[in-house]
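Residue numbers (this note's numbering), protein chains in the order written: chain G, 1 to 239; chain V, 1001 to 1238. The beta-carbon is built from N, C-alpha and C at its ideal position, and this holds for glycine as well.
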Amino acid sequence: MKVLQQAWAYLTDGSHWSGTEGMGALLGQQLLITVTALALALLVGLPVALWLGHLGRGGFAAINISNIGRAIPTFALLALLVTADWPGTAEFGPYGRAGLATLLALTAFALPPIITNAYVAVDEVADDVKESARGMGMTAFQLFRRVELPLALPLVASGIRVALVQVWATATIAALVAGPGLGRVITDGFANTDYGKGIAGAMVVAAVALVLELVAAAVQAAVSQQPDTRGRLATGHRR
Amino acid sequence: MRVTLLAANALGTQEPSCYSRLVNDWICGQYLSDRSDELLHATTQHLTITLLSVAAGLVIAFPLALVARRWGRLESSVLGISTGLYTIPSLALFPLLVPFTGLTATTVVVGLALYALTVLVRAFLEGLRSVPDDVRESATGLGYSRAKRLLRIELPLALPVIMAGLRVATVSTVALTTVGSLVGHGGLGNLISDGVFTNFRAELLAACVLCVLLAVVLDLVLVVAQRLLTPWTRTVAS
């Protein structure tokens, strides 16, 4: 239990939070890369998945992408990206190659829950609702924009929530390949047998993860007025 | 090993091995045969940690799901706490367990069991809920006791949903075991970690591929097990 006291001492020492290598800066880095990766994944995944859901095509791929993503360890993908000669030079981007590798891996792992949920959400809008919309003379695009999209929103939001939590976890693991972010406090602590430091870092990472989850849950509750009972939610895979 | 190969190469007496520092190929058959012991050991450790974690998760999840089902008010707290746990990244959960279980494989197994537990409790609850009410009532009408009804009627009917959860839990546990390399017990993750820091591509790729293969194989085993356990679903499905 002595390590818990050491961890507490590490956390309450202000000097560990300030400076360019302090936990404050690392926290900022990790939040930035998390938000960037989530935004990229939304930009790439959402339009395609929503439209495929509207067409009702490609369902097999959209649903199975989650299962495939689950089998590939984040750590393995990060390791391969860092060790490969691409992308770009070692100096690429603000955090070097590990930074870019992290961003790519994060985006890749945010995609499955976003794609699966968005596809299922639009695909499972009740047929009679779609029929009535067509009967009212809506064009395909109007049907998509005014009927399917609003009805799909709760499930889409839950996919984004899963993705957010997942990206935060993946960003932490980036430290195993010397990437940016708070995970570095954990890996540094363990590499130098300073377990108090490692545990302190873990406490901060876990606390932020819980806060992100609560915020995302609140946002999700706000966009879905009624409880959603259609279909199964894609459960995220832990990283 | 690599040092001697380099020396041999410098003398010009031998072609450099495809996993020597000079070549550093991604795919190298010679590495696989030379280091087969190491690979086998890592794979065995990986498999052991995964199986123990999922088994522990399964053993705890079942009674927890029954308790949650029996007392509805407990259900939301059981689900809430396990979802909260699931939110914590693995790289942060393992260190948080270290004060209690030390730098051992137990730390990894306990952490992974907690994640598996989250998936499995939900699967049990969803599965039991999927049993139609009239089936349950007929069983009661036929004189089944609560326990007998659970074992003979409800569990078999809930099996497809439970197995789906078990597959998710198993596959993600295989992937997550790699993170255990933080405390030195990550199975193939130890090789991945070593591969990154020594820039040893053959080792890195071999460990990654083995890891994905392990997940695929275990998933297939569960699919086959499910087909054998639920023969009645086959005619319905096809």
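For THR83(G), the residues of chain V that pass the 8 angstroms Cβ criterion are GLY1195, VAL1196, ASN1199, ARG1201, LEU1204, in the order they occur in the chain. At least 8 angstroms separates the CB of PRO113(G) from every CB of chain V.
Under the three-state reduction of DSSP output, ASN64(G) falls in the helix class.
Counting the other Cβ atoms within 10 Å of the Cβ of VAL1135(V) gives fewer than 16, which makes it exposed.
With 16 or more other CB atoms across the displayed protein chains lying within 10 angstroms of its CB, TRP168(G) is buried. Of the residues SER1193(V), LEU1079(V), VAL1216(V), the one whose Cα lies closest to the Cα of PHE1124(V) is LEU1079(V). Listed in chain order, the non-local C-beta contacts of ALA157(G) below 8 angstroms within the same chain comprise VAL219, GLN220, VAL223, SER224, local neighbours out to five positions each way being set aside. From the beta-carbon of MET1(G), the residues of chain V found nearer than 8 angstroms are PRO1099. Annotated three-state conformation of PHE190(G) is helix, per DSSP.
Scanning its chain for C-beta atoms nearer than 8 angstroms, with the 5 sequence neighbours on each side dropped, one finds around ALA105(G) the residues THR74, LEU77, LEU78, LEU81, THR170, ALA174, in chain order. Fewer than three Cβ pairs drawn from the segment 1019 to 1028 of chain V and the segment 1082 to 1097 of chain V lie within less than 8 angstroms of each other, which leaves the two stretches out of contact. Counting only Cβ-Cβ distances below 9 angstroms, THR187(G) has contacts in chain V at LEU1091, LEU1182, in chain order. Contact with chain G is absent for ALA1056(V), since none of that chain's Cβ atoms lies less than 8 angstroms from the residue's Cβ. Contacts with chain G at 8 angstroms (Cβ-Cβ) do not include SER1053(V).
In chain order, ASN67, ARG70, ALA71, HIS237 make up the part of chain G whose C-beta sits under 9 angstroms from the C-beta of VAL1171(V). Taking a cut-off of 8 angstroms for Cβ pairs, the segment 182 to 192 of chain G and the segment 18 to 34 of chain G touch, as three or more such pairs fall below it. When C-beta distances to chain V are compared with 7 angstroms, the residues of the segment 145 to 169 of chain G below that value are VAL165, TRP168, ALA169, in chain order.
For PHE144(G), the three-state secondary structure derived from DSSP is helix. A Cβ-Cβ contact shorter than 8 angstroms links PHE1094(V) with VAL1108(V). In this chain, ARG1035(V) is not harboured by any alpha helix (DSSP H), its DSSP state being neither H nor E. With 16 or more other Cβ atoms from the protein chains shown falling within 10 Å of its own Cβ, GLN6(G) counts as buried. Not a single C-beta of chain G is nearer than 8 angstroms to the C-beta of PRO1160(V). For ARG1152(V), there is no enclosing alpha helix (DSSP H), as DSSP marks it with neither H nor E.
When the five nearest sequence neighbours on each side are left out, the beta carbons in the same chain lying within less than 7 angstroms of the beta carbon of THR102(G) are those of ILE33, LEU78, ALA171, ALA174, GLY179, PRO180, in order along the chain.
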